[in-house]
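Asks: So the sequence shown is numbered by the numbering used here: it starts at 5 and just counts up by one.
Heads up, the beta-carbon is just placed ideally off N, CA and C, and yes, glycines get one too.
For clarity, every value in this text was computed on a predicted model and none was experimentally measured.
I have a structure I would like to understand better, so I am pasting it below and will then ask my questions one at a time.
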Amino acid sequence: MRKQGISLITFALFLFLVSWQSGPTGKNYDALWKKVQQYTAKDLPRSALKTVQMIYNKAKTEGNEPQVIKSLLFRISLQSKYQEDYRLKSIRLFEKERQSATGVEKPLLSSLLAQLYEGYFDAHRYEILNRMAAAHDTSLQTLGSEQWQKKIREAYLASVALPAETGTIPLKDFSAILQSADTVSYAVWPTLYDLLAHRAIRYFSSHTATFWKRGTGVVHDTSLLAPASEFIKYRFPAGDTIPEITVLRLFQHLLRLHRQHHQEAAFVDADMRRLDYVMQNLPQTPTNRLAYSHALERLLKQFSGKAVAVPVACKLASVY
C-alpha cells in the first residue's frame, strides 16, 4: 500500500520549502515565483528575497492567504542562506505576522510557529537545558527548557482552536504550500483542520511532549479501543491538557468532523490512527493485542465492501 497523507515540506531542521507552482488560487503569481526560482538557481538569495517580498505585498493586498504563507516560508528559507541568527529572526517574523493575522491564516501561522519553536529548541537543546531561566525575562535567548516547551504547546493548541472554521476550508485551497497533494491525499485529509490536527498530534505524541508534561495513565485503558461512535462520547477530565489526552481529544474532533460531513475515507484514516495510538500506549499483552484486532475487525465490518475498508483489511492482516 502506498503511504497516504499530506505534509509541509521541511528544509534542514525546521525550515519549510514549498513547490514553485502557485496552485489553483495563485496563477497570477507564477511569473514572480519563476523569478525567485531563477535567482535561487544562481545562488542569489538576496535578489530572490526582494522578489519574495513583492509576492508577499501583492498577496497581502489581495487577501491571498496561501500565497502570504508561501512567501513567508520562502523568506525564512532564503534568509537561512546568509544570516547567522535566521532562526530567531524567523520566529520573530512569524510572531509578528500572527498578531495581525485573521481568519484561518492565524491557526496555520500558529502551527508553523510551533514548529519554528521546536527547531530552535532542538538546535540549542544543550544550551537551553543548562540555562537558569529568569522568572520575569521573556526574551527568547533567556528562556529555559520548560518555558520553551510551554510556547510550543500553546502554539500547537492555538492552531487547532478553531475546528469549526478550519474544518470547512478545503485543504486543496492551500496546495501552494503542500507536497504529495493528490486526489487520494485530499480524500484522507480533506480540510485544513486535518492538516493542523495531525501536525499537533505528531507533536503531542512525541517523547519530547510527554517528557515535559507527564500524563496520568488514562490512555492505558482498553475502553479507548471502543467503536468510534462510543469513543467520540468519551469524557476526559475537564481542563486536563496532558499530551495523551490532547491527542485523544483531537481524534474525537476529527472523527466528529468527518462523520458529520460523511467523509468516509477521512473517517477511516482518523479512526485507524486513533486505534494505533491507543494500542501503542497499552501494555503489549496478548489480551490487549486481541482487543486491538477486534477493534479493527469492527471497523472493517462497518465499511465492508467499500474501497475505504482496504487499508483496514491490510492493517488487520499484519496484526494476525
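Where do the ends of the alpha helix (DSSP H) carrying F208 lie?
Replies: Element bounds for F208: L196 to F208.
Asks: Spatial neighbours of L120 within its chain, please: CB distance less than 7 Å, with the 5 preceding and 5 following residues excluded, ordered by chain position.
Replies: These residues qualify, in order along the chain: F18, S94, I95 and F98.
Asks: Which word fits M5, buried or exposed, when buried means at least 16 other C-beta atoms lie within 10 angstroms of its C-beta?
Replies: Reliability of the predicted coordinates at M5 is poor, the pLDDT of 39 falling under 50, and no value is obtained from them.
Asks: Name the residue from I173, T245, Y86 and L133 whose alpha carbon lies nearest to the alpha carbon of S51.
Replies: If we check each option's Cα against that of S51, Y86 comes out closest.
Asks: What number of angstroms, rounded off, separates the C-alpha of S11 from the C-alpha of K110?
Replies: Because the pLDDT of S11 is 48, which lies under 50, any placement of that residue in the model is unreliable, and the number read from its coordinates should be weighed accordingly. Each residue's alpha carbon lies about 18 Å from the other.
Asks: Taking contact to mean at least 3 C-beta pairs separated by less than 8 Å, is the stretch 224 to 244 in contact with the stretch 255 to 262?
Replies: In short, these stretches touch, since the Cβ pair count reaches three.
Asks: Buried or exposed for L112, please, with buried defined as at least 16 other CB atoms from any protein chain shown within 10 angstroms of its CB.
Replies: Buried, since its Cβ has 16 or more Cβ neighbours within 10 Å.
Asks: On a CA-only basis, which of D275, H224, D126 and D34 is nearest R260? Give me that one, please.
Replies: R260 has its Cα closest to that of D275, out of D275, H224, D126 and D34.
Asks: Please report the straight-line C-alpha distance between V323 and H298, rounded to a whole angstrom.
Replies: Computed Cα separation, rounded: 11 Å.
Asks: Quick one: Cα of G9 to Cα of V272, how far?
Replies: In this predicted model, G9 has a pLDDT of only 48, less than 50, meaning its place in the structure is not dependable; the value taken from the coordinates is given anyway. About 13 Å.
Asks: From S227, L92, D280 and V40, pick the residue whose C-alpha is nearest to that of S143; which is it?
Replies: That would be L92, whose Cα lies nearest to the Cα of S143.
Asks: Quick check on DSSP: helix, strand or coil for P4?
Replies: This structure cannot speak to residue 4, because the chain is shown only from 5 to 324.
Asks: Output needed for T170: all residues of its chain with C-beta closer than 7 Å, excluding positions within five of it in sequence on either side, in chain order.
Replies: Here the set comprises V108, P111, T195, L196, Y197 and L200.
Asks: In three-state terms, what does DSSP make of P287?
Replies: DSSP places P287 in coil when its eight states are reduced to three.
Asks: Going along the chain, which residues of its own chain have a beta-carbon closer than 8 Å to the beta-carbon of L279, five neighbours each way excluded?
Replies: L229, Y296, A299, L300 and L303.
Asks: Looking at T226 and N292, is the spacing between their C-beta atoms short of 8 Å?
Replies: Yes; because the gap between Cβ atoms is below 8 Å, this pair is in contact.
Asks: DSSP three-state call for P231: helix, strand or coil?
Replies: The answer is coil: DSSP assigns P231 none of H, G, I, E or B.
Asks: Of all the alpha helix (DSSP H) runs that stay within the bounds of the stretch 42 to 108, which reach a length of 4 or more residues?
Replies: Qualifying alpha helix (DSSP H) stretches, in chain order: 49 to 66, 69 to 83 and 90 to 104.
Asks: Quick one: using the 10 Å Cβ neighbour count with 16 as the cut-off for buried, is G123 buried or exposed?
Replies: When all chains shown are included, G123 counts as buried.
Asks: Skipping 5 residues on each side, what residues in its chain have a beta carbon closer than 8 Å to that of P174?
Replies: So the list reads Y190, P194, T195 and L196, once near-sequence residues are dropped.
Asks: Whose C-alpha, out of P247, H266 and A313, is nearest the C-alpha of R157?
Replies: When only C-alpha atoms are compared, the closest one is P247.
Asks: Work out the CA separation of Q145 and L252 for me, nearest whole Å.
Replies: If you take the alpha carbons of L252 and Q145, they lie about 33 Å apart.
Asks: Are the beta-carbon atoms of E268 and V312 separated by less than 8 Å?
Replies: Yes, these two residues count as a Cβ contact at 8 Å.
Asks: Nearest by alpha-carbon distance to F208: which of Y33, Y281 and F178 is it?
Replies: The residue with the shortest Cα to Cα distance from F208 is Y281.
Asks: Quick check on DSSP: helix, strand or coil for L17?
Replies: Summary for L17: the model assigns pLDDT 30, below 50, so the residue's position carries little reliability, and this model does not support an answer.
Asks: Nearest-angstrom Cα distance between R203 and L320?
Replies: Distance between the alpha carbons of R203 and L320 is about 25 Å.
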